[in-house]
Amino acid sequence: MIHKISILAVIGISWFFLTSCSSNTEILTKDPSVFLDKKIESPFFGNKNAKVQMTVFTDFQCPACIQFEKIIGGPLFEEYVNTKKIGLEYRMYPLSIHKNAPEDALASLCAESQWKYKEFAKEMYGLEDQKKWDPVSTDDRENIAKKIGLDTGKFQTCMKEWNYVSKIKEDMALGDQLWLQGTPSVYINGKKIDFRSREGLFKIIDAMGQFETATGAVAPKNQ
Numbered sequence: 001m002i003h004k005i006s007i008l009a010v011i012g013i014s015w016f017f018l019t020s021c022s023s024n025t026e027i028l029t030k031d032p033s034v035f036l037d038k039k040i041e042s043p044f045f046g047n048k049n050a051k052v053q054m055t056v057f058t059d060f061q062c063p064a065c066i067q068f069e070k071i072i073g074g075p076l077f078e079e080y081v082n083t084k085k086i087g088l089e090y091r092m093y094p095l096s097i098h099k100n101a102p103e104d105a106l107a108s109l110c111a112e113s114q115w116k117y118k119e120f121a122k123e124m125y126g127l128e129d130q131k132k133w134d135p136v137s138t139d140d141r142e143n144i145a146k147k148i149g150l151d152t153g154k155f156q157t158c159m160k161e162w163n164y165v166s167k168i169k170e171d172m173a174l175g176d177q178l179w180l181q182g183t184p185s186v187y188i189n190g191k192k193i194d195f196r197s198r199e200g201l202f203k204i205i206d207a208m209g210q211f212e213t214a215t216g217a218v219a220p221k222n223q
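For the sequence shown, the positions run 1 to 223 when UniProt numbering is used.
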């Protein structure tokens with residue numbers, strides 16, 4: 001699906017994102033062969049057959065990712081994902097400068113194994129925003145699991161056994177192959193997307209999907 005690479009920087013008129021988080025990614029040193037290695041697909045929402053397929057590489061502790069989800073996430077789901085206009089997948093790319101990020105990523109996939117990625121992600125981004133770089137504990141993540149209605153026993157086992165560490169490494173390897181340098185990084189139909197606002201992103205989606213705009217006109221397709 002993905003062939004090109006870029007760093008996403010999002011800056012709005014009345015609000016702005018920090019430039020995308022970046023760092024080397026020498027993390028997740030636990031050997032997955034030591035643990036119960038299970039397979040899981042990337043969290044996916046919307047329509048797999050839609051003309052527009054979006055991929056987002058994310059890091060739960062990254063301030064820019066937190067702002068992306070705050071400002072763009074909700075409207076993106078409401079206008080495009082829930083209406084089946086697009087397909088949206090998330091890939092994990094925890095950066096080495098973010099000490100909470102690897103286990104945050106793992107916890108999100110443990111939640112996805114119970115079909116609760118979206119709910120967990122919303123709470124996880126919110127918690128990291130509150131923590132402001134302070135450590136996130138095992139209890140913190142388990143409290144989120146309980147709050148959103150996960151089977152906490154299964155969640156705890158998933159975390160202790162690092163069931164999906166190989167999936168995170170797979171996502172990171174893909175990012176490295178693409179020379180990914182920061183998060184969040186966004187791709188549509190295999191092309192890197194640079195935009196400066198929510199409206200800018202939505203115009204790109206409309207153009208690539210040939211969707212009607214708010215005025216009823218079909219958005220012109222970018223050449």
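Idealized CB from N, CA, C, for every residue including glycine.
| Item | Value |
| --- | --- |
| I168 - DSSP class collapsed to helix/strand/coil | helix |
| Cβ pair count under 8 Å reaching 3, the stretch 169-186 against the stretch 85-97 | yes |
| Host alpha helix (DSSP H) of E142 (start-end) | 138-147 |
| Alpha-carbon to alpha-carbon, D151 and I97 | 31 Å |
| Member of C110, A101, I205, Q177 whose CA lies at the smallest distance from the CA of K160 | C110 |
| Three-state secondary structure assigned by DSSP to T55 | strand |
| Heavy atom of the ligand HEM within 7 Å of L106 beta-carbon | Of the ligands one can find in the structure shown there are none, so the ligand HEM has no counterpart to examine. |
| C-beta atoms of I40 and E89 nearer than 8 Å | no |
| Counterpart residues of E89 in DSSP-defined beta bridges | F44, T55 |
| Alpha carbon of G175 to alpha carbon of T55, nearest angstrom | 11 Å |
| Contact between the stretch 53-71 and the stretch 186-201 (3+ Cβ pairs under 8 Å) | yes |
| Unbroken alpha helix (DSSP H) run spanning S108, endpoints | 101-112 |
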